[in-house]
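Presented below is the structure to which this report refers.
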Amino acid sequence: LLLAVGLPLGSCNMIGYYSWNWGSGSVIEEATDGVAFTGLVDVQKALDGYTPGAAWCCPSLRGRRHLSLGGGNSAGTFDESILTKIVSDLPLVVKANYSGVVFDVEQVSGSSDTMV
16 LLLAVGLPLG SCNMIGYYSW NWGSGSVIEE ATDGVAFTGL VDVQKALDGY
66 TPGAAWCCPS LRGRRHLSLG GGNSAGTFDE SILTKIVSDL PLVVKANYSG
116 VVFDVEQVSG SSDTMV
């Protein structure tokens, strides 16, 4: 799921990729959209966990920059309180010059009435 912030209507042509915050990350030269992936659901921790251009990880993202939230372990599990906090932390995403958020939903805790 991609939540785009401030993209013009009709800007649907996308070549995107995930860049992990371990190892050397990844880059696609012709990409229009790059996703910073940490596997975390906490916005501030995810922002802190991906330092673009760091020698140990995290190449600078190509095109529009997106922050990924979520992942396949306990640090990436969504629940009601996490979703509420993500909403309140969205200004941090904008302030960090990201164009949007990508949700990597692999683990969820809570009822479908609450979480869907």
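My numbering puts the sequence shown at residues 16 to 131. Ideal Cβ positions, reconstructed from N, Cα and C, are used throughout, including at glycine.
ask   = Grouping DSSP H, G and I as helix and E and B as strand, with all else coil, what is valine 117?
value = Here residue 117 refers to the residue found at position 102 when the sequence shown is read from its first residue. Valine 117: strand per DSSP, three-state reduction.
ask   = Does the Cβ-Cβ distance between leucine 82 and valine 50 come in under 9 Å?
value = Reading the sequence shown from its first residue, position 67 is the one you call residue 82. Reading the sequence shown from its first residue, position 35 is the one you call residue 50. Going by C-beta atoms, leucine 82 is nearer than 9 Å to valine 50.
query = Which word fits aspartate 63, buried or exposed, when buried means at least 16 other C-beta atoms lie within 10 angstroms of its C-beta?
reply = On the sequence shown, residue 63 is found 48 positions in, with the first residue counted as 1. Exposed is the call here.
key: Opening and closing residue of the alpha helix (DSSP H) in which alanine 61 lies   = On the sequence shown, residue 61 is found 46 positions in, with the first residue counted as 1. Here the alpha helix (DSSP H) through alanine 61 covers 58 to 64.
query = Under 9 Å between the Cβ atoms of glycine 54 and glycine 87?
reply = Here residue 54 refers to the residue found at position 39 when the sequence shown is read from its first residue. Here residue 87 refers to the residue found at position 72 when the sequence shown is read from its first residue. Cβ distance < 9 Å, so glycine 54 and glycine 87 count as in contact.
ask   = Under the DSSP definition of a beta bridge, which residues are partnered with glycine 87?
value = Walking along the sequence shown from the start, residue 87 turns up at place 72. In DSSP, glycine 87 forms no bridge with anything.
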